[in-house]
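Residue 466 in the numbering used here sits at position 168 of the sequence shown; the count goes up by one each step and never skips. Beta carbons: idealized from backbone N, C-alpha and C, even for Gly. Predicted model, so just to flag it, every value in this text is computed and none were measured. First up is the structure itself, then whatever we jot down about it.
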Amino acid sequence: MTTTLWRHAHLVTLAGPHGWGEIADGALLSRDGRIAWVGASADLHAALRSLPAQPAEVHDLGGALLTPGLIDCHTHLVYGGHRANEFEQLLQGASYADIARAGGGIRATVAATRAASDAALLAGAERRARALMAEGVTTIEIKSGYGLSAEHEARCLRVARQLGSRLALTVRSTALSAHALPPEYAGRPDDYISAVCAWLPGLAAQGLVDAVDAFCDNIGFSPAQTRRVFEAARALGLPVKLHAEQLSDQGGAALAAGYGALSCDHLEHLGPAGVAAMASAGSVAVLLPGAFHFLRETRLPPIAALRAAGVPMAVATDHNPGSSPTLSLLLMLHLACNLFRLTPEEALRGATVHAAQALGLGASHGALAAGRVADFVVWDADHPAELAYGFGVNPCRRVVRAGLTRHQPLSQSHPP
Ligand code: NIG
Ligand code: FE
């Protein structure tokens, strides 16, 4: 198997518990898709001597910044249509909840998704995934939740799996069937939850589910209904996550933490009990500044309390057509700093190390260290804080996924 050497890199490994893990003049050896060695250039000769064969390829990065590949750990990438009309309503003063209660919102996208062909769903999701990838994203999570029937949820999860095999991208798929009440179950949320619990084993048996999520809120499902979904997930041995405390405090984060949740996401209304429960369960707080910005929310997630309790914080796009129609994870890093007051280091850690943890990939992805998957990005930047500092800027020069260069010049990343 061939070894590749990446030398003269300004490494930002994020390998330790704190700090950038910077090596001003560093090198990295990749082999069989994994990082074989990473360290200071001064130690490279000794590392090379211990190799069975010398590197077949050598890339001189000329001092460019090299970070772990970015991870977008919360997206709703597979859907039909768009909701630009709701943006107009939001601007006129309607709230997200008003629009949902009037029959728009998630249910509008469910209708458009059900009406879309498999090919159209795949084409839309692939276009969006490629936009994320152009900014150095090497791993994404994709949720279902716009199908809301066994057949349509499976269709959406299959599209997510297809993206993972078509693109140089690691895809984790999450079943979010408890996202909204489909019209055929109007007034019967408990019956719908029974249906979800009944079809989950089938989705899992088809290999379509890496985790299970729900939307626990006043316009979503109750804690009792969420618990039933979590019990079904537990019976299948699947990890859980939760859209928690986005619009109101339902105690969802504490409920999810009780099931050892990988993450609780949104969290603008999270209280002290939720913070403590997440800290003791080791659940990641996935912060979604895109939805906060788009819905012009004013209540901030309790960042200082999460930080003080040692809850790992991730940052994701929450890409979806209703509350966060963004395809820029770098912009989310900027917003996480400017709106939520994360430090640039916390923001980058949030889209690498902690995002990996939120997907159950904490041991294999998210940092530059020997043995981890060789996913990394070369940037036109002098300092890692630049990744959060710019907005509407894409300094991504080159992306390496599992040791292979995905693209060099950005303009060639799109196939004809
Ligand atoms: O994460 N809050 C629930 N789910 C999505 C929005 C889905 C939609 O509006 O289509 C979210 O913000
Ligand atoms: Fe979401």
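Going by DSSP, name the residue or residues bridged to residue i.
i      : result
Glu355 : Thr302
His308 : Leu363
Trp335 : Leu327
Asn618 : Ser622
Ile321 : Leu309
Cys694 : Trp677
Met611 : Ala583
Glu439 : Arg470
Ser561 : Lys539 and Val582
Phe513 : His541
Could you tell me the distance, in whole angstroms, from the CA atom of residue i to the CA atom of residue j?
i      : j      : result
Gln544 : Trp335 : 42 Å
Arg405 : Arg695 : 39 Å
Ser520 : Glu482 : 19 Å
Val457 : Glu424 : 9 Å
Ala683 : Ala583 : 21 Å
His647 : Gly485 : Strictly speaking, residue 647 in this sequence is Arg, with His absent from that position. About 42 Å.
Cys562 : Leu342 : 41 Å
Gly422 : Arg525 : 33 Å
Thr373 : Leu560 : 15 Å
Gly716 : Gln390 : Given a span of 299 to 714 for the chain in the structure shown, any question on residue 716 remains unanswerable.
Val671 : Val507 : 22 Å
His357 : Trp304 : 5 Å
Asp489 : His477 : 14 Å
Phe528 : Tyr557 : 7 Å
Ser463 : Ala530 : 28 Å
Gln710 : Gln523 : Any answer about Gln710 is weak, because its pLDDT of 40 lies below 50 and its placement is not dependable; what the coordinates show is given next. Straight-line Cα distance between these residues: approximately 47 Å.
Ile601 : Tyr444 : 30 Å
Less than 8 Å between the CB atoms is what I'm expecting for residue i and residue j, so what's the real figure, rounded?
i      : j      : result
Gly446 : Ser475 : What sits at residue 446 in the sequence shown is Leu, not Gly. Right, their Cβ atoms sit about 6 Å apart.
Val613 : Pro587 : 7 Å
Thr365 : Val697 : Not quite, the Cβ-Cβ distance comes to about 11 Å (not below 8 Å), so this is no contact.
Leu627 : Glu433 : 6 Å
His663 : Leu633 : So it is not a contact: roughly 23 Å between Cβ atoms.
Leu666 : Leu346 : That belief does not hold up - the Cβ atoms of Leu666 and Leu346 are roughly 18 Å apart, past 8 Å.
Val376 : Leu419 : 6 Å
Ser581 : Ala554 : 7 Å
His450 : Thr411 : 7 Å
Trp497 : Ala533 : The pair is not a contact, with the Cβ atoms about 13 Å apart (cut-off 8 Å).
Ala325 : Ala344 : Incorrect: roughly 11 Å between the Cβ atoms, too far for contact.
Leu640 : Leu685 : Between Leu685 and Leu640 the Cβ distance is about 12 Å, and since that is not below 8 Å, they are no contact.
Closer than 7 Å: is that where the CB of residue i sits relative to any heavy atom of ligand 4?
i      : result
His374 : Within the structure as shown, ligand 4 is missing, the only ligands being ligand 1 and ligand 2.
Contact the segment 561-575 vs the segment 350-361: 3+ CB pairs below 8 Å: Touching, no.
The segment 458-473 in contact with the segment 398-405 per 3-pair CB rule at 8 Å: no
For the structure I just gave you, are there three or more beta carbon pairs, one from the segment 616-623 and one from the segment 379-388, closer than 8 Å? yes
Are the segment 649-657 and the segment 696-706 touching by the rule of at least three beta carbon pairs closer than 8 Å? no
Quick check: the segment 331-347 against the segment 594-603, are at least 3 beta-carbon pairs closer than 8 Å? no
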